[in-house]
RNA sequence: GGGGAGGUGGCGGAGCGGUCAAUCGCAGCAGACUGUAAAUCUGCCGCCCUAGUGGCUACGGAGGUUCGAACCCUCCCCUCCUCUCCA
């Protein structure tokens, strides 16, 4: 299938420049997407853009993932000392490495026909001098035109205004596109819908200095049916890095998707076929309580990001922990699940631990006060038994096979606490 | 640089000498109902404890006035608006 058609039925086309469809149909081309390395890991929000890159490659085009090691350095100009900038450069470098690993699951860097590439724009941006930049890039931009861009116009009309740095940021990204055009004949750029202005700026630059036509396509902003931010849980951002967000938590995030969002997310984040998704949607409509679409979504996305075995383990862990009575499970079963689930340890104490202390010190709650509150409102379970008295003690003999507690907070957050010798 | 406005809990935004750990809205958490969904309703939503007309830390920072300050004074830091003229 051609890329445009693929993206279109999935609802991934939020905006496109003229001729994109035809250009993509005409034959393989090289396209790129930029990633911001400001965090040590990408998060589920970045997934949409990652799948877009993967679709590109699947449809025979060569994808380039550009990590913004250069643009990232000027992205946040507020109050940075020279020293911090150096640190930031190192961090960015580390982040780039992490991101490469995450992207590699989605891209094939070894493909003979359409190999993927990962490049850091610091490679050329940090070498670009101000004078050179102004002469070679700046002179091709009309401030009048820049001011007319929605993103800029909105900021200029707003209370906060816009700084010179931010105003000129799009020129740097435009320059990226030019560099990629020169080096790899890259003629296509995708990005989130917020990237529209930056993408067209690059296209304009290439047209002016090389006389070539290029194309852009932007993806929609992900929304949730209930109007909350996509990609956040109680614990914060849902990261792709398994040490930051355990595969089990990752799986749970997707499993808890709103019914109304599930079909949309299946199209966005999985590579399942149109028929398969329609089937899942229909099944969900018939028996929503079975959460068929959510289960498939969670399984697929966890597989894509963490691999088959991690996904299977996460799924198994979820099934076990939500099966009802965890005390019916053997220690061995629970220990299998252990590395996947948020967990902690408690030093053995013959006399036990006050529940509130245990909850706070193991990180189930952020303070004793919160633990007390949760118990009072009936939201804490130890080994499937609701704790009703905040003064209660949890005793080691209550542990499963003397070693493990399964603490549940609310309806869906499980923690494992293992007793270790004093 | 001159002039103006302002910095309060995750965010927005009240408060303008005591009854303020701070109205309210959003977000968040829990409970009920369910399907580990949504909506709705209820409760909670700085930290500590012996859980109370308890202790501690907080309203940009540092001092000061006062029996008492988020609220008044001084200095400092930061943010935003504005600066041809007229209105």
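Residue numbers (our numbering): 135 to 556. Cβ coordinates follow ideal geometry from the N, Cα and C atoms, glycine included.
Between the alpha carbons of residue i and residue j, how many angstroms are there, rounded?
{"i": "residue 242", "j": "residue 274", "result": "36 Å"}
{"i": "residue 535", "j": "residue 141", "result": "52 Å"}
{"i": "residue 448", "j": "residue 381", "result": "6 Å"}
{"i": "residue 176", "j": "residue 539", "result": "32 Å"}
{"i": "residue 460", "j": "residue 482", "result": "21 Å"}
{"i": "residue 458", "j": "residue 260", "result": "57 Å"}
{"i": "residue 179", "j": "residue 345", "result": "35 Å"}
{"i": "residue 302", "j": "residue 383", "result": "40 Å"}
{"i": "residue 465", "j": "residue 537", "result": "8 Å"}
{"i": "residue 353", "j": "residue 389", "result": "24 Å"}
{"i": "residue 210", "j": "residue 246", "result": "With a pLDDT of 35 at residue 210, under the threshold of 50, the modelled position of this residue cannot be trusted; read the value that follows with caution. Taking the straight line from one Cα to the other gives about 38 Å."}
{"i": "residue 313", "j": "residue 224", "result": "24 Å"}
{"i": "residue 139", "j": "residue 251", "result": "24 Å"}
{"i": "residue 443", "j": "residue 468", "result": "17 Å"}
{"i": "residue 148", "j": "residue 521", "result": "49 Å"}
{"i": "residue 144", "j": "residue 398", "result": "8 Å"}
{"i": "residue 548", "j": "residue 193", "result": "41 Å"}
{"i": "residue 159", "j": "residue 190", "result": "12 Å"}
{"i": "residue 530", "j": "residue 439", "result": "38 Å"}
{"i": "residue 183", "j": "residue 487", "result": "47 Å"}
{"i": "residue 418", "j": "residue 411", "result": "10 Å"}
{"i": "residue 519", "j": "residue 550", "result": "14 Å"}
{"i": "residue 366", "j": "residue 480", "result": "29 Å"}
{"i": "residue 244", "j": "residue 195", "result": "14 Å"}
{"i": "residue 470", "j": "residue 341", "result": "58 Å"}
{"i": "residue 155", "j": "residue 375", "result": "34 Å"}
{"i": "residue 213", "j": "residue 320", "result": "Its pLDDT being 26, under 50, residue 213 is placed unreliably by the model, and nothing is read from it."}
{"i": "residue 416", "j": "residue 510", "result": "41 Å"}
Which word fits residue i, buried or exposed, when buried means at least 16 other C-beta atoms lie within 10 angstroms of its C-beta?
{"i": "residue 216", "result": "Residue placement at residue 216 cannot be trusted, given a pLDDT of 25 that sits under 50; what the coordinates show is reported in the next sentence. Exposed: under 16 other Cβ atoms inside 10 Å."}
{"i": "residue 219", "result": "Note that residue 219 scores 39 on pLDDT, short of 50, meaning its location in the model is unreliable and no value can be drawn from it."}
{"i": "residue 277", "result": "exposed"}
{"i": "residue 355", "result": "exposed"}
{"i": "residue 298", "result": "exposed"}
{"i": "residue 429", "result": "buried"}
{"i": "residue 523", "result": "exposed"}
{"i": "residue 477", "result": "buried"}
{"i": "residue 310", "result": "buried"}
{"i": "residue 237", "result": "buried"}
{"i": "residue 555", "result": "exposed"}
{"i": "residue 281", "result": "exposed"}
{"i": "residue 265", "result": "exposed"}
{"i": "residue 445", "result": "buried"}
{"i": "residue 231", "result": "exposed"}
{"i": "residue 377", "result": "exposed"}
{"i": "residue 451", "result": "buried"}
{"i": "residue 485", "result": "exposed"}
Taking the beta strand (DSSP E) that residue i falls in, what are its first and last residues?
{"i": "residue 254", "result": "251-254"}
{"i": "residue 351", "result": "349-353"}
{"i": "residue 196", "result": "196-201"}
{"i": "residue 151", "result": "Element bounds for residue 151: n/a, residue is neither H nor E."}
{"i": "residue 167", "result": "164-169"}
{"i": "residue 550", "result": "547-554"}
{"i": "residue 92", "result": "Only positions 135 to 556 of the chain appear in this structure, which leaves residue 92 out of reach."}
Does residue i come out as helix, strand or coil in the three-state DSSP assignment?
{"i": "residue 517", "result": "coil"}
{"i": "residue 228", "result": "helix"}
{"i": "residue 234", "result": "helix"}
{"i": "residue 261", "result": "coil"}
{"i": "residue 186", "result": "helix"}
{"i": "residue 180", "result": "helix"}
{"i": "residue 242", "result": "coil"}
{"i": "residue 370", "result": "strand"}
{"i": "residue 321", "result": "strand"}
{"i": "residue 509", "result": "helix"}
{"i": "residue 378", "result": "coil"}
{"i": "residue 356", "result": "coil"}
Kindly indicate the opening and closing residues of the alpha helix (DSSP H) around residue i.
{"i": "residue 385", "result": "381-389"}
{"i": "residue 538", "result": "Here residue 538 belongs to no alpha helix (DSSP H); instead the beta strand (DSSP E) covers 538-543."}
{"i": "residue 416", "result": "408-420"}
{"i": "residue 337", "result": "330-344"}
{"i": "residue 448", "result": "442-455"}
{"i": "residue 403", "result": "396-403"}
{"i": "residue 493", "result": "489-495"}
Could you round the C-beta distance between residue i and residue j to whole angstroms and report it? I think they count as a contact, below 8 Å.
{"i": "residue 198", "j": "residue 233", "result": "Between residue 233 and residue 198 the Cβ distance is about 14 Å, and since that is not below 8 Å, they are no contact."}
{"i": "residue 240", "j": "residue 202", "result": "Not really, about 18 Å apart at Cβ, beyond 8 Å."}
{"i": "residue 334", "j": "residue 151", "result": "7 Å"}
{"i": "residue 508", "j": "residue 454", "result": "Residue 508 to residue 454, Cβ: 23 Å. No contact."}
{"i": "residue 185", "j": "residue 402", "result": "7 Å"}
{"i": "residue 271", "j": "residue 305", "result": "5 Å"}
{"i": "residue 395", "j": "residue 362", "result": "Wrong, their Cβ atoms sit about 11 Å apart, outside the cutoff."}
{"i": "residue 349", "j": "residue 157", "result": "5 Å"}
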